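What follows is a single structure, written as structure tokens, with notes after it.
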Amino acid sequence: LVKTAQDAGSPVRLVETVVAVNDQRKRAMARKVVAACGGSVRGRRVAVLGLTFKPNTDDMREAPSLAIIAGLQDAGARVVAYDPEGMEQARPLLREVEYASDPYACAQGAHALVIVTEWDAFRALDLRRLRAAMAEPILVDLRNVYRPDDVRRHGFTYASVGRP
1 LVKTAQDAGS PVRLVETVVA VNDQRKRAMA RKVVAACGGS VRGRRVAVLG LTFKPNTDDM
61 REAPSLAIIA GLQDAGARVV AYDPEGMEQA RPLLREVEYA SDPYACAQGA HALVIVTEWD
121 AFRALDLRRL RAAMAEPILV DLRNVYRPDD VRRHGFTYAS VGRP
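Counting from 1, one number per residue, gives the positions in the sequence shown under the UniProt record's numbering.
As structure tokens, this is what we get:
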């Protein structure tokens, strides 16, 4: 919509502002991950679960993962990612990312795990197995997939959006 309006010489300020705010929110999510890791991810392995813009699709258009991963890489993180459907579409867009075969392989040796897309498969993960795979048990749940007390009971440091 913004591009069409600009091409026609009729910018739409409200829509442009909404797009800008949405982009800022995506970048803020990367900063949230860095904060959950004690203020630095430089040299750390960060696992990202979910690349597509929503579950049950392979569509990467406007996917929050693009900005979040770029922000993590800019902060020095080594990113490994898994998505049930979108990895082939993500590869040309996210070239400096290691791709894992499943969520547990993604978590292997990670200093933090970030849930970006709320796939049902991620809701059913074995938290004990996930924690055992990780170098540090930090889980940043950007989609509020888990209940904080459940995750903490499994020994994770847990951060989510809009709740303690």
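Here a beta-carbon is modelled for each residue, glycine too, at the ideal position from N, C-alpha and C.
The structure presented is a predicted model; accordingly, all values stated were derived computationally and were not measured.
- Bounds of any alpha helix (DSSP H) do not take in Ser40, whose DSSP letter is neither H nor E.
- It is roughly 35 Å from the alpha-carbon of Pro92 to the alpha-carbon of Arg163.
- Each residue's CA atom was taken as its position, placing Glu98 and Arg27 some 21 Å apart.
- In the DSSP assignment, Tyr82 falls outside any alpha helix (DSSP H) and lies within the beta strand (DSSP E) extending over Arg78 to Tyr82.
- Excluding the 5 residues flanking it on each side, Leu125 has same chain C-beta neighbours closer than 7 Å at Pro103, in chain order.
- In the structure shown, Leu51 falls within a coil segment according to DSSP collapsed to helix, strand and coil.
- For Leu94, there is no enclosing beta strand (DSSP E), as DSSP marks it with neither H nor E.
- If the five residues before and after Ala75 are omitted, its C-beta is found closer than 8 Å to the C-beta atoms of Ala30, Val34, Ser40, Val41 and Arg42, all from its own chain and listed in chain order.
- Straight-line measurement puts the Cα of Ala36 at about 7 Å from the Cα of Ile138.
- The beta carbon of Asp59 sits closer than 7 Å to those of Thr52 and Phe53, all from its chain and outside the five residues before and after it, given in chain order.
- Contact annotation: the region 146-157 touches the region 127-138, with at least three C-beta pairs closer than 8 Å.
- Put simply, the backbone Cα of Trp119 is about 14 Å away from that of Met87.
- Sequence-distant Cβ neighbours of Ala159 in its own chain, meaning closer than 6 Å and more than five residues away, are Ala36 and Val140.
- Taking a 10 Å sphere around the C-beta of Asp150, we find fewer than 16 other C-beta atoms and assign the residue as exposed.
- The beta carbon of Cys106 sits closer than 6 Å to the beta carbons of Ala47, Val80, Tyr82 and Ala100 from its chain, once the five residues preceding and following it are set aside; these are given in chain order.
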